[in-house]
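Just so you know, the sequences run in chain order A and B.
Residue numbers for the first sequence follow full-length UniProt numbering, so the first one is 1 and each next one is one higher.
Residue numbers for the second sequence follow full-length UniProt numbering, so the first one is 1 and each next one is one higher.
There are 2 protein chains.
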Amino acid sequence: MEGPDAVGGRAARPTLRQVAAEAGVSLKTASRVLNGHPHVSDATAARVRGAADALGFRLNRIARELRSGATSTSVGLIISDLANPFYSRIARGAERVLRASGLQLVTASTDEDSTQERSLVEELLERRVRALLVVPSGTDHAYLEPEHGRTPVVFLDRPPVRLAVDTVLVDNRAGARAGVAHLLRAGHRRIGFVGDLSRLATQRERMAGFADAMQAAGVLQWERYVRADSHDQATAARSTRDLLATDPAPTALFTSNNVNTAGALRALTGVPTPPALVGFDDFDLADVLGITVVGHEPEEMGRIAAERVVARLNGDDSPHRTVVLPTRIIPRGSGERAAADIR
Amino acid sequence: MEGPDAVGGRAARPTLRQVAAEAGVSLKTASRVLNGHPHVSDATAARVRGAADALGFRLNRIARELRSGATSTSVGLIISDLANPFYSRIARGAERVLRASGLQLVTASTDEDSTQERSLVEELLERRVRALLVVPSGTDHAYLEPEHGRTPVVFLDRPPVRLAVDTVLVDNRAGARAGVAHLLRAGHRRIGFVGDLSRLATQRERMAGFADAMQAAGVLQWERYVRADSHDQATAARSTRDLLATDPAPTALFTSNNVNTAGALRALTGVPTPPALVGFDDFDLADVLGITVVGHEPEEMGRIAAERVVARLNGDDSPHRTVVLPTRIIPRGSGERAAADIR
DNA sequence: TTGAAAGCGCTAACAG
DNA sequence: CTGTTAGCGCTTTCAA
């Protein structure tokens with residue numbers, strides 16, 4: 001049941017000109033009707049609408065925006081992994097704010113690949129997104145410099161390198177320091193660190209916070225219990241088992257993000273006297289599992305970043321600023337097990 | 001440091017024409033250089049590129065696509081909630097396939113609102129997405145009928161109403177039936193059902209599967225233990241507590257999706273002899289928590305739907321088809337607690 | 001109330 | 001190797 005204009009099984013989409021011809025009016029009149037503009041007689045309007053429906057016409061917003069000079073209403077969000085709840089919560093927070101301003105979120109993921117990051121950014125800019133929210137994977141963002149004063153760009157979660165733009169971060173170093181101090185207070189001295197890729201700024205900062213706390217407590221040889229660069233649950237589980245097999249074994253673990261916490265938990269299943277555990281990032285069901293975390297609000301980060309974007313689009317040209325969100329320890333049991341009680 | 005064309009704090013973006021003028025060549029030559037086409041002398045090319053960089057030029061893909069008649073390279077995905085792992089896993093599965101075909105995923109969420117669904121669909125179509133992946137919230141999709149033969153549309157998770165298009169579903173009824181039968185086999189007769197909005201087709205089917213199993217087992221008055229329409233964890237927790245307070249209390253629970261399972265788990269925390277539990281949908285850490293589920297693969301659903309889209313775009317005009325993905329019971333302990341052992 | 005002509009930024013077709 | 005002309009689908013003058 002293809003229309004007469006079917007080409008290779010695909011019907012050609014009618015243009016406004018065809019609708020106008022079908023209705024026996026000029027292009028402009030058809031345009032007026034379909035855009036709800038005044039000064040058209042009811043009869044004419046009805047005829048145009050009838051023709052549009054009959055042909056399956058749908059306005060081409062792209063062409064409209066090109067002519068009217070209006071930019072698109074979409075805002076790009078670049079994250080590393082769509083399926084990581086941490087990023088999808090950022091996306092949700094941002095989407096709510098943007099939608100309230102009539103903007104649409106376009107999400108793309110990089111799989112933590114800096115080449116992908118750059119090409120996605122370029123592509124979105126060529127598509128003329130109004131603004132860009134970026135959780136960077138790359139290590140140099142100077143290529144975004146020419147956008148200054150053109151397209152508002154806000155970085156989230158990780159700071160930009162060689163680029164000055166609005167940024168929303170979490171206080172990683174202080175958060176990690178507090179989380180580890182929490183374990184030290186329970187009497188732990190041998191504390192294992194299970195971390196993600198150390199090329200990520202967030203991870204380096206959390207590692208630094210870990211070191212801060214250990215050094216402040218005068219613990220020696222804490223480096224022995226550091227396992228970094230596990231970017232998925234399986235690797236984190238392996239690192240955890242590896243730590244538990246050390247002699248003497250650590251009595252506590254600090255996991256540096258949600259993925260590593262999940263991996264560690266997997267490795268700890270069935271262990272009779274599991275080490276104490278504090279994880280960076282809160283996660284769903286952490287309360288049911290009784291896992292103490294260094295929590296913060298990804299939605300909040302998305303919300304604030306989106307609000308910056310909206311402000312910039314509304315003409316705010318104040319100097320770029322960096323917002324650092326606080327963390328807080330949420331004690332749920334796993335982080336309060338005393339060192340004396342482990343093994 | 002705005003450029004000379006700054007308007008309201010925003011620099012105007014240079015056009016190809018301006019680049020050409022700056023480089024002292026024609027429009028077409030500039031176009032050739034910036035598109036990497038042959039037959040341009042190195043010297044000219046260098047001059048054009050220099051001008052482009054100096055002006056901060058970025059090709060306008062929208063205009064290019066308009067002129068070349070090429071449709072965009074984006075595919076729209078409409079889901080109800082970006083932050084529900086179930087949907088983000090669908091998105092990830094789809095994105096991988098699409099990217100491999102040079103297509104970009106554009107995600108938008110509806111918050112389970114059918115008005116939102118329709119307006120997002122219309123908007124994406126006006127933006128000329130190449131195809132549409134829809135997890136519907138609405139109850140009538142006839143408005144998509146004119147797209148037949150124009151834009152490939154694939155429905156996921158829930159079937160379309162009054163519309164014939166490719167669809168990828170999960171075998172909800174059989175899955176629920178099997179999950180409940182699993183509980184019945186462990187001797188349970190009083191089984192509580194904690195369900196999501198019953199206007200959702202998936203929920204009605206899972207409810208039907210629940211009823212199938214109960215009736216086949218000759219259980220009477222099972223309706224007493226049915227609590228539907230909880231769409232968030234808090235409500236599901238309340239329904240669960242309500243069920244546990246019934247006299248006589250159910251010895252087992254069947255939760256009809258990931259959100260309700262999480263809510264139930266929250267309500268069950270600290271209960272000395274918790275009821276047996278089987279949940280529909282697998283979820284992260286279910287293994288650590290020892291929760292028996294009726295599992296299936298959301299990524300797979302996204303992948304298959306995206307593959308249908310790609311096939312359609314490549315000219316496949318075979319009749320539309322519905323793929324129903326199987327589920328399987330993953331026993332992890334919570335669903336194997338015998339009725340005799342509860343209270 | 002309606003319409004004709006021009007042009008948004010770009011590429012295709014055809015000259016030079 | 002380079003340039004000129006036309007036109008994608010639409011809106012914006014400006015005129016009737």
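Glycine residues also receive a C-beta, built at the ideal position from the N, C-alpha and C atoms.
All values derive from a computational prediction rather than experimental measurement.
Look at the alpha carbon of Ala306 (chain B) and the alpha carbon of Leu200 (chain B), and state the distance between them as a whole number of angstroms.
C-alpha separation (whole angstroms): 23 Å.
Return helix, strand or coil for Gln221 (chain A), following the three-state DSSP convention.
coil
With DSSP as the reference, please indicate the residues paired to Gln233 (chain B) in a beta bridge.
Its beta-bridge partners do not exist; DSSP assigns none.
Taking beta-carbon pairs under 7 Å, can you tell me which members of the region 107-122 of chain A lie near chain B?
Thr107, Ala108, Ser109
Below 8 Å on the Cβ atoms is my guess for Asp157 (chain B) versus Thr107 (chain B); work out the distance and round it to an integer in Å.
About 15 Å separates the two Cβ atoms, so there is no contact after all.
Does the region 119-134 of chain A come close enough to the region 119-130 of chain B to have 3 or more Cβ pairs within less than 8 Å?
Counting Cβ pairs under 8 Å, fewer than three are found: no touch.
Straight-line CA distance for Asn35 (chain A) to Glu117 (chain A)?
Cα to Cα, the separation comes out at about 38 Å.
Output, in chain order, the set of chain B residues within a Cβ distance shorter than 7 Å of Ser88 (chain A).
Leu82, Ala83, Ser88
On the DSSP letters alone, give me the boundaries of the alpha helix (DSSP H) that Arg190 (chain B) sits inside.
Taken as a continuous stretch (DSSP letters only), Arg190 (chain B) belongs to no alpha helix (DSSP H), as it is neither H nor E.
Establish whether the CB of Thr269 (chain A) and some CB of chain B are separated by less than 8 Å.
yes
If the cut is a Cβ gap below 7 Å, which residues of chain A does Pro146 (chain B) touch?
Gly56
May I have the straight-line CA-CA distance separating Ala228 (chain B) from Val168 (chain B), to the nearest angstrom?
Annotation: Ala228 (chain B) to Val168 (chain B) spans about 25 Å, alpha carbon to alpha carbon.
With a threshold of 8 Å, are at least 3 pairs of Cβ atoms found where one atom belongs to the region 300-319 of chain A and the other to the region 11-29 of chain B?
no
Within its chain, find whatever has a CB closer than 7 Å to the CB of Phe86 (chain B); leave out the 5 residues flanking it on each side and keep chain order.
Here the set comprises Asn258, Asp281, Pro298.
Whole angstroms is fine: what's the gap from Met1 (chain A)'s alpha carbon to Asp287 (chain B)'s?
Residue placement at Met1 (chain A) is flagged as unreliable, the pLDDT there being 30, under the threshold of 50; the coordinate-derived value follows with that caveat. When rounded, the distance between both Cα atoms is 50 Å.
Can you list the alpha helix (DSSP H) stretches of 4 or more residues lying completely in the region 59-115 of chain B, in chain order?
61-68, 85-100
In chain order, what residues of the same chain lie with their CB nearer than 6 Å to the CB of Thr261 (chain A), ignoring the 5 residues before and after it?
Thr255, Gly279
Determine the chain B residues that contact Ala52 (chain A) at a beta-carbon separation under 9 Å, and present them in chain order.
Ordered by position in chain B, no residue passes the 9 Å Cβ test against Ala52 (chain A), which lies about 10 Å from the chain.
Relative to the alpha-carbon of Ala213 (chain A), which residue among A:Arg190, A:Asp166, A:Ser198 has its alpha-carbon at the smallest distance?
A:Arg190
With H, G and I counted as helix, E and B as strand and the rest as coil, what does DSSP make of Arg227 (chain A)?
strand
I'd like to know whether the C-beta of Leu66 (chain B) is nearer than 8 Å to at least one C-beta of chain A.
yes
On the DSSP bridge assignment, give the partners of Phe254 (chain B) in chain order.
Paired residue(s): B:Phe193, B:Val278.
Could you tell me which residues DSSP pairs with Ala131 (chain A) in its beta bridges?
A:Val75
I'd like the list of long-range same chain contacts for His320 (chain A), defined as Cβ closer than 7 Å, with 5 residues on each side in sequence excluded.
Same-chain partners within the cutoff: Ala164, Val165, Asp166.
Quick check on the burial criterion: 16 or more other C-beta atoms within 10 angstroms. Buried or exposed for His39 (chain A)?
His39 (chain A) is exposed by the Cβ-count criterion.
So is Val165 (chain A) in contact with chain B if we call contact Cβ pairs under 8 Å?
Chain B, which has no Cβ nearer than 8 Å to the Cβ of Val165 (chain A), makes this no.
How long is the line joining the alpha carbons of Arg58 (chain B) and Asp140 (chain B), rounded to whole angstroms?
42 Å
Quick check on DSSP: helix, strand or coil for Asp316 (chain A)?
coil
According to DSSP, Ile329 (chain A) sits in a beta bridge with which residue or residues?
A:Val294
Under a Cβ-count criterion, where at least 16 other Cβ atoms within 10 Å of its own Cβ denotes burial, should Leu16 (chain A) be classed as buried or exposed?
buried
List the whole-angstrom C-beta distance separating Gln233 (chain A) from Arg206 (chain A), where the pair is believed to meet the contact cut-off of C-beta under 8 Å.
About 18 Å; that fails the 8 Å criterion.
For Asp42 (chain B), which three-state DSSP category applies?
helix
Measure the alpha-carbon distance for Pro326 (chain A) versus Gly175 (chain A) and round it to whole angstroms.
8 Å
In angstroms with no decimal places, state the Cα-to-Cα distance between residue 344 (chain A) and Gly76 (chain A).
Past the boundaries of the shown model lies residue 344 (chain A); chain A is included only from 1 to 343, so the question cannot be answered.
Measure the CB-CB distance between Gly295 (chain A) and His182 (chain A) and report whether it falls below 8 Å.
no
Helix, strand or coil: how does DSSP classify Leu265 (chain B) here?
helix
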